[in-house]
Amino acid sequence: MITTKQRAYLRGLANDLDPIFQIGKNGIEENFLKQVEDALEAREIIKLKVLENSGLETREASDYICEKIGCEGIQAIGSKIVLFKQSKKKPKIELPKPGKK
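Counting from 11, one number per residue, gives the positions in the sequence shown under this note's numbering.
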């Protein structure tokens, strides 16, 4: 579980990202989940776009993907989702340490 401070940090990193996947009329299939998981392993933070014809709400899609592949939903605003999962092989993103306020 990540802290509010870490979530804010990751949102900042995601600002400049372009969506690399789109969720369309086929919804979220196993093959799509595998691609997202592979992308997260390589990049750690990715942005997705939920198309109107998917029939899914942005938050609903984010929660479903996070549940299936064990990643963190950082943000779900409008049609965009930001996901984070620390790489097992080569972690690149250094999260701020959770500390006392």
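Glycine included, C-beta positions come from ideal geometry on N, C-alpha and C.
Fill in: Residue span of the alpha helix (DSSP H) that contains glycine 22, given as start and end
The count along the sequence shown starts at 1 and reaches residue 22 at position 12. Going by DSSP, glycine 22 is part of the alpha helix (DSSP H) stretching over 14–24.
Worksheet item: What's the gap between the Cα of leucine 23 and the Cα of arginine 69?
Response: On the sequence shown, position 13 is the one that residue 23 refers to. On the sequence shown, position 59 is the one that residue 69 refers to. Each residue's Cα considered, the two are about 20 Å apart.
Worksheet item: Tell me which same chain residues have a C-beta within less than 7 Å of the C-beta of threonine 13, skipping the five on either side of it?
Response: The residue you call residue 13 lines up with position 3 of the sequence shown. The residues are Pro108.
Practice prompt. Take glutamate 82 and list the residues in its own chain whose beta-carbon comes closer than 6 Å to its own, dropping the five residues that flank it on each side.
Written response: As a position in the sequence shown, residue 82 is number 72, starting the count at 1. Correct list, in chain order: Ile12, Phe94.
Practice prompt. Indicate whether serine 72 and isoleucine 91 have their beta-carbon atoms separated by less than 8 Å.
Written response: Position 62 of the sequence shown, counting from 1, holds the residue named residue 72. Position 81 of the sequence shown, counting from 1, holds the residue named residue 91. Yes, Cβ-Cβ distance for serine 72 and isoleucine 91 is below 8 Å.
Worksheet entry | C-alpha distance - lysine 98 paired with glycine 65, whole-angstrom precision | One-based indexing of the sequence shown puts residue 98 at position 88. One-based indexing of the sequence shown puts residue 65 at position 55. Cα-Cα distance, rounded: 33 Å.
Worksheet item: Taking the beta strand (DSSP E) that glutamate 7 falls in, what are its first and last residues?
Response: No information on residue 7 is available, as it lies outside the stretch 11 to 111 that the chain covers here.
Worksheet item: When the Cα of leucine 61 is compared with those of Gln45, Ile75, Ala18, Phe31, which residue comes out closest?
Response: In the sequence shown, residue 61 corresponds to position 51, counting from 1. For leucine 61, the nearest C-alpha among the options comes from Phe31.
Practice prompt. Assign isoleucine 87 to buried or exposed, taking buried as 16 or more other Cβ atoms, counted over all protein chains shown, within 10 Å of its Cβ.
Written response: Locating residue 87 in the sequence shown gives position 77, where the first residue counts as 1. Per the 10 Å Cβ criterion, exposed.
Worksheet item: Name the DSSP beta bridge partners of isoleucine 56, please?
Response: As a first step, residue 56 must be located in the sequence shown, where it is residue number 46. Beta-bridge pairing links isoleucine 56 to Leu93.
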